[in-house]
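Okay, so the sequence shown: first residue is 5 according to the numbering used here, each after it adds one.
Encoded as structure tokens, the structure appears first; notes follow it.
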Amino acid sequence: MKNQDWERFGEDIKRSVQDAVDSGDFSRLNQTITNTVNGAADAFADTMRNVGDRVNQNRRPRYGETFYGMPQYEKKTQQKRANSQEGQVNNRYSTGGFVTPTKPMLYRSTSAAKVGAIVMSVCGYMMSGFNFLVCISAVIALVVGVSNKAGVLAVAIIFGILGIATTLIGVAGTKKIGGIKRFRQYLQTMGGKEYCDIRKLAEYVGKNEKYVLKDIKNMIRRGWFIQGHLDTQEKCLISSHDAYRQYTDMMEQQQEQKDTLERQQKAAEEERKKKEEKGLTPEVQEIVEAGEEYIRKIHESNDAIPGEEISAKISRMEMLVDKIFDRVEENPETVGDLHRLMNYYLPTTVKLLEAYEELDRQPIQGDNILSSKDEIEKTLDTLNIAFEKLLDAMFQDTAWDVASDISVLKTMLAQEGLTEDGLKK
């Protein structure tokens, strides 16, 4: 703004005040001053914008400065990528290639916002100084003594209020300039990455984490971080939709794993309570848990071995071993029959199955491998027979009890004459 413009602006204000004082009519004073101030602010804004454009055109950015909200080296990288894509477009029809989509913008340019903030700050403080000067002059006039005290007092009050308002405008502009500076510092701290800890950003700008978190939220709301997100704990800034999608997918997987672990722990706790309710001793519980581990390994081997015939044999083995340990839970007295099973049969079975898995994975099935696999399959048949006999032996006491009960029942029926040979008459 030229000097004569400022002089004209001052004359307008002075004339408006004098007219109001002389006439005693202050009804239009506030509107007149407001229009004058707005006109001056618009003129100043146009001047500052023109200055900013000339500076941007004539100035060569130095290494490390920002350009459109990005570090200078990012600008160079994007320019190289753009040149490469332009070459692909030129060669598209001759080479049959296709154009790779450009990376979407993650940060909004703050150049215009900075100019507006400077205008707001400068105009606010300048208008504030003028308003307070008029207000102080009116107060001095009241102290010295004037004929129209009511009019001068009104001028002092009005310009005092305008001074406060314009001061607030200047402060708001200053805060906005500081916010833009912090935004560019945040980008420099991120260094081109699409995520950064709030703690690290706070350390860089010299603020506490709570302040920076609120600052980041405001910038996301204003659209400065075009694709900005915060993690669920609000501890990390994520600047792109793709990175945020990867984060949410990872969190879902972790939650699923956590839920699975909790279900397994809950099932194990329920199983432990069931065993305690059955009155199993710690020794029996330990044997049953070891047996369940062997059953799990047998099942995993069955899943790893594709052959249908051997899979059927392993499935039968898994069923038999499971029945054996179910019998131990139902009748803990039978645990004495499991010493050989636990110390030799089951460990050997697991080793044989693991050896079969290794042999079956070999790409070339030679005679030695086929012979070994056949020998293991025959051994599994032998083990299944042994497990069947062990399971049957564990029901021997039950068979004796059943036979005894049947014998007693037949004797009682005969004594009562309720059998076919001796019906009671």
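Note that the Cβ used here is the ideal one computed from N, Cα and C, for glycine as well.
The straight-line gap separating the alpha-carbon atoms of ALA145 and MET130 is approximately 23 Å.
With contacts defined as CB atoms closer than 8 Å, ASN135 and THR178 fail to qualify as a contacting pair. Its chain contains ILE202, ARG203 and ALA206 as the residues whose beta carbon lies nearer than 7 Å to that of GLU213, once the 5 sequence neighbours on both sides are disregarded; these appear in chain order. The bridge partners DSSP lists for ASP341 come to none. DSSP places ILE242 in the strand class (E or B) of the three-state scheme.
Here HIS233 is bridged, per DSSP, to ILE242. For TYR199, the uninterrupted beta strand (DSSP E) run begins and ends at 199-201, by DSSP.
In its chain, beyond the 5 residues on either side, CYS200 have a beta carbon closer than 6 Å to the beta carbon of MET194.
Apart from sequence neighbours up to five positions away, the residues of its chain that approach TYR251 with a beta-carbon distance below 7 Å are ASP235 and ILE242, ordered along the chain. Contiguous beta strand (DSSP E) elements confined to the region 183-230 occur at 199-201, taking only those with 3 or more residues.
Here SER305 really is in contact with GLU361; their C-beta atoms are around 6 Å apart, less than 8 Å. Excluding residues up to 5 positions away in sequence, ARG112 lie with their Cβ nearer than 6 Å to the Cβ of GLY227 in the same chain. Under DSSP, TYR111 forms a beta bridge with PHE229.
By the CB criterion at 8 Å, HIS303 and GLU273 fall outside the cutoff. In this structure, the straight-line span from the alpha carbon of GLU296 to that of GLN369 is close to 33 Å. Ranked by Cα distance from LEU387, the options ASP378, SER376, LYS317 and LEU342 are led by LYS317. The C-alpha of LYS270 is placed about 58 Å away from the C-alpha of LYS118. Contact between LEU324 and LEU395 is confirmed by a C-beta separation of about 6 Å, below the 8 Å threshold.
About 43 Å separates the beta carbon of ILE328 from that of MET255, a gap too long to meet the 8 Å contact definition.
C-alpha of ILE389 to C-alpha of LYS277: approximately 33 Å in a straight line.
Residue burial annotation: GLY120 is buried, with at least 16 other C-beta atoms found within 10 angstroms of its C-beta. For ARG331, the enclosing alpha helix (DSSP H) begins and ends at 312-334.
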